[in-house]
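*Asks:*
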Amino acid sequence: MISLYDLLEAANGQLFGEPHAQLFTGFCLDSRLAEENQIFVARKTDQGDTHQYIREAVERGAMGVLCSRPPEMDTDGLSVIIVKDTELAMMNWATYALEKLGAQVIGVTGSSGKSVTAEAIRLVLSQRYKVHKSTGEYHGRLRLPLALAGLRAEHEMVILEMGAWQPGEIAEMVHATHPEVGVVTHIGHAHTDTFADLDQIAHEEGLLIENLPESGLAVLNYDDDFIRMMAGRSQARVLTAGCNFGADLMAYNIVISQTKTGFDLRYGADRYVGRWTPLVSKEHLYSVLFALAVGLHFDVPVAEGLKALTDMQPLPGRMNPLRGIHNCLLVDDSYDATPQSMEAALDWLRSMRGDGTSTRTIFVMGDMDNLGPYTQRGHRQVGQITAEAADILVTEGAQAAIAARSAADHGQDRRSIHLTYSFQDTIAVFKDRLQLTENDIVLVKGGTSARMELVVKALLADPQDANQLARQGADWDTSLSLPPATTTWIEIDQGAIAHNVRQIRQMVGDHVRLMAIVKADAYGHGAVASSITALANGAEALGVATFEEALELRDAGIEAPVLVLSYTPVYVVRQAIRRQITLTLYDLDMAYAYNRAAREVGAPLTVHIKIDTGMGRLGVLPTGAIPFFRHLINLQSLDIEGIYTHFSMADEDRDYTLEQLRVFKGIVNPLRASGFQFRYIHAANSAATLTLPETHLDMVRVGVALYG
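Position in the sequence shown (from 1) plus 51 gives the number in my numbering.
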């Protein structure tokens, strides 16, 4: 609980008006999530000033307001505290509350594994003490006062996760809480958008160890070079834990299975043989060792701690084995991701692949967050590891697609790689292409903003298991999980594009093919992402303006038919044949040049003939169309796959469009009668597709309508 007068004293604040509520259940930082009896904290941040949302928070039940200027509303019935800096006020209150209640603080930091470690420590210490642990999804320094709102007088110890989002935060958190024990889990590429490199991350995390008292304890990951070197920065006693020889607490003879981890443990002269934890993966075994080390500092014997940890259950979104559809093993690791935690999860998946059974391993990967300049390299690193660990890779998102290409570059069969850009399309991969069985293991992992728990939820055999997933509160339906990195940005909803494709697919019917036009980077929506989304939802072919745009799609692993709608120079014919890219043909000299180039390659070039029925751009004029085709008969190295025209005013002049259609059919019908067989006959653009069903023919070319 938060006392009004404790907060006033700690923050050196001033009451505005008469006070009402004197006790609050917690702080609220988001007015949309305000609950009864909370105190709403209005803040000025890089993302805006939340003083404007005070009224909304009060309407949702907040009984107090901590702000830096008087609210612009009636404050009768409210307790309002005015301070200069509301965030600093929260941190000062955290210090005040800890000093008042006297609980000893255990701080846990690191790039990954903090929450599992904190829970393991809680289980061990709870054998003998009353322990409070931080909870919730909030990251950074304000996690501390949010967590301490639940601290009670009976709590003897409090475990606080100290994750740094930017330099300086660890020092501020340590100064506010004065921890007795510090644990550093792993150092990896987390928040490299704000940290220059691993050295700077290690320096920041090491500030926890550097500021421990002599009577305290530093628990360090012996197997991590950055962390092991922190021992020299500590004036407190140091205990190391790991799986390598030399660690004070060393796990060995490790046995990894689908549902638990077995190990032997050595501590000094003592051996503990045949022990196990319900946690899966070697990375979570480190959390067990860290917890045992903390327990020793507070006189909890190793054997007692080991027994307590056999009751530990996986946390939501942290390598949590669940029953998936068709009785597959669904492992939910969707809470968050760094390259190092991805590697740890894939190491576990690799061990399942090599167990000598018929197990098929499937890795579903979402984008990783906050990697800054390390984004490309980090995702490629994960892709390389995936090629050795997973039989099938499904990626969701633009950054995860980098990992998919890396996996292919490192030997993974391209047919086993599926790229998507929306949650709906990821699920469609499982429904339409992957027939899951009880022999399958599906590992799902991604960064916070990827929301990969939505994939897990859709793959659950029992929908009631959704209560075991991360981010299931109503707040996650409305809140942005990550702040934008710049002041202007664009968010592309690939789910909306998928919906539009399906609607158009339904409109034209099964007998008409759909070509998605993705020229000009899909009109600014991202050509690769939009192409993959369109193909996954009913499009059969893609149209682009230039040969370079077609190459971009092929380089991204897209194998669907691609038609270049404009001029293409003859010198790229060899590459067009090799990459299976279809070119537009509308000139006789060009036809002879294309034919010669294709004959030299020894393989036919696929082309579509364009007829200019009134657009006034490229195309064979109607009067010369029949003679043009007579010349083509002798060009044996050209595969004339299709014929098309382009409507110029389909969105304005119905009569002119129908006249263009009449002229076009007046060319196509005699050609077909004379023996020309076209696999594709197409004319309709977006406007004609939506308003003139008679223009649909064999295929429609839809561009703007796909994007809303």
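Heads up, the beta-carbon is just placed ideally off N, CA and C, and yes, glycines get one too.
What whole-angstrom Cβ distance do Val235 and Ile172 have, given they're in contact under 8 Å?
*Replies:* Incorrect: roughly 13 Å between the Cβ atoms, too far for contact.
*Asks:* What residue range does the alpha helix (DSSP H) around Asn518 cover?
*Replies:* Asn518 -> no alpha helix (DSSP H), and no H or E assigned at all.
*Asks:* What number of angstroms, rounded off, separates the C-alpha of Thr76 from the C-alpha of Ala227?
*Replies:* Answer to the nearest angstrom: the Cα atoms are 21 Å apart.
*Asks:* Determine whether the beta carbon atoms of Pro367 and Leu380 lie at a separation below 8 Å.
*Replies:* Not a contact, by the Cβ cut-off of 8 Å.
*Asks:* Beta-carbon within less than 7 Å of Val289's beta-carbon, same chain only, minus the 5 sequence neighbours each way: which residues are those?
*Replies:* The residues are Ala269, Leu271, Ala282.
*Asks:* Using C-beta distances below 7 Å, list every residue in its chain close to Ile221, excluding the 5 sequence neighbours before and after it, in chain order.
*Replies:* Taken in chain order, the residues that qualify are Thr160, Met213, Ala215, Glu255, Glu256, Leu258, Leu259.
*Asks:* Taking C-beta to C-beta, are Val469 and Arg484 nearer than 8 Å?
*Replies:* Note that residue 469 corresponds to His in the displayed sequence, not to Val. Yes.
*Asks:* Among residues of its own chain, excluding the 5 on either side of Ser119, which ones have a beta-carbon nearer than 8 Å to its beta-carbon?
*Replies:* The answer, listed in chain order, is Ala93, Lys95, His102, Ile133, Val134, Lys135, Asp136, Thr137.
*Asks:* Curious, which full-length alpha helix (DSSP H) runs of at least 4 residues does the segment 112–160 contain?
*Replies:* As far as the segment 112–160 is concerned, its whole alpha helix (DSSP H) runs of at least 4 residues are 137–152.
*Asks:* What are the boundary residues of the alpha helix (DSSP H) that includes Phe91?
*Replies:* It is not in any alpha helix (DSSP H) - Phe91 instead sits in the beta strand (DSSP E) that spans 90–92.
*Asks:* Determine the extent of the beta strand (DSSP E) in which Ile443 is found, giving its start and end residues.
*Replies:* Its beta strand (DSSP E) spans residues 443–447.
*Asks:* For the beta strand (DSSP E) containing Val493, name the first residue and the last one.
*Replies:* Element bounds for Val493: 491–496.
*Asks:* By DSSP, does Phe727 sit in helix, in strand, or in coil?
*Replies:* Coil at Phe727, not helix or strand.
*Asks:* Any idea which residues DSSP pairs Lys184 with across the strands?
*Replies:* BP columns for Lys184 point to Ile210.
*Asks:* Following the continuous beta strand (DSSP E) through Gly368, name the residue where it begins and the one where it ends.
*Replies:* Unbroken run through Gly368: none, as it is neither H nor E.
*Asks:* Which of helix, strand or coil does DSSP assign to Tyr189?
*Replies:* Coil at Tyr189, not helix or strand.
*Asks:* Does DSSP put Gln435 in a helix, in a strand, or in coil?
*Replies:* Gln435: helix per DSSP, three-state reduction.
*Asks:* With a threshold of 16 other CB atoms inside 10 Å of the CB of Ser322, please say whether the residue is buried or exposed.
*Replies:* The sequence given here has Arg at residue 322, not Ser. Counting Cβ neighbours within 10 Å, Arg322 comes out exposed, since fewer than 16 surround it.
*Asks:* Taking Gln707 as the reference, give the member of Ile732, Ser467, Leu743 with the closest Cα.
*Replies:* The question names Gln, yet the displayed sequence has Tyr at residue 707. Ranking the options by Cα distance to Tyr707, first place goes to Leu743.
*Asks:* Helix, strand or coil for Thr168, going by three-state DSSP, please let me know.
*Replies:* If DSSP states are grouped into helix, strand and coil, Thr168 belongs with the helices.
*Asks:* Smallest Cα separation from Ala320: which of Lys311, Met301, Val595, Asp544?
*Replies:* For the residues Lys311, Met301, Val595, Asp544, the minimum Cα distance to Ala320 belongs to Met301.
*Asks:* Name the DSSP bridge partner or partners of Arg322?
*Replies:* In the DSSP output, where bridge partners are listed per residue, Arg322 has Arg317.
*Asks:* Could you check if Asn588 is buried or exposed, using at least 16 other CB atoms within 10 Å of its CB as the buried criterion?
*Replies:* By the neighbour-count rule (16 or more Cβ atoms within 10 Å), Asn588 is buried.
*Asks:* Please report how far the alpha carbon of Gln427 lies from the alpha carbon of Gln450, in whole angstroms.
*Replies:* In a straight line, the C-alpha of Gln427 is about 7 Å away from that of Gln450.
*Asks:* Looking at Met503 and Val751, is the spacing between their C-beta atoms short of 8 Å?
*Replies:* Their beta carbons are not under 8 Å apart, which means Val751 does not touch Met503 by this criterion.
*Asks:* Going by other Cβ atoms of all chains shown within 10 Å of its Cβ, with 16 needed for buried, is Ser130 buried or exposed?
*Replies:* It is buried - the Cβ of Ser130 has at least 16 other Cβ atoms within 10 Å.
*Asks:* Quick test of the definition: if touching needs 3 or more C-beta pairs under 8 Å, does the segment 410–418 touch the segment 490–503?
*Replies:* These segments touch.
*Asks:* CA-CA distance, Ala509 and Val345?
*Replies:* Ala509 and Val345: Cα-Cα distance of roughly 39 Å.
*Asks:* Using the C-alpha atoms, what's the distance from Glu223 back to Ile632?
*Replies:* In a straight line, the C-alpha of Ile632 is about 58 Å away from that of Glu223.
*Asks:* What do you reckon, are the CB atoms on Ile694 and His659 nearer than 8 Å?
*Replies:* Yes.
*Asks:* Hey, how far is the Cα of Gln545 from the Cα of Gln557?
*Replies:* Answer to the nearest angstrom: the Cα atoms are 18 Å apart.
*Asks:* Would Val306 be called buried (16 or more neighbouring beta carbons within 10 Å of its own) or exposed?
*Replies:* Classification for Val306: exposed.
*Asks:* Since I believe Ala287 is in contact with Gly267 (beta carbons under 8 Å), could you give me their beta-carbon distance rounded to a whole number of angstroms?
*Replies:* Contact flag correct, Cβ pair sits at about 4 Å.
*Asks:* Check Lys358 in the structure and name its three-state DSSP category.
*Replies:* Correct three-state label for Lys358: helix.
*Asks:* Who pairs with Asp690 in a beta bridge, going by DSSP?
*Replies:* Beta-bridge pairing links Asp690 to Thr657.
*Asks:* If you drop the 5 nearest sequence neighbours on each side, which residues of the same chain put their C-beta closer than 6 Å to that of Tyr318?
*Replies:* Only Leu300, Val353 meet the Cβ criterion.
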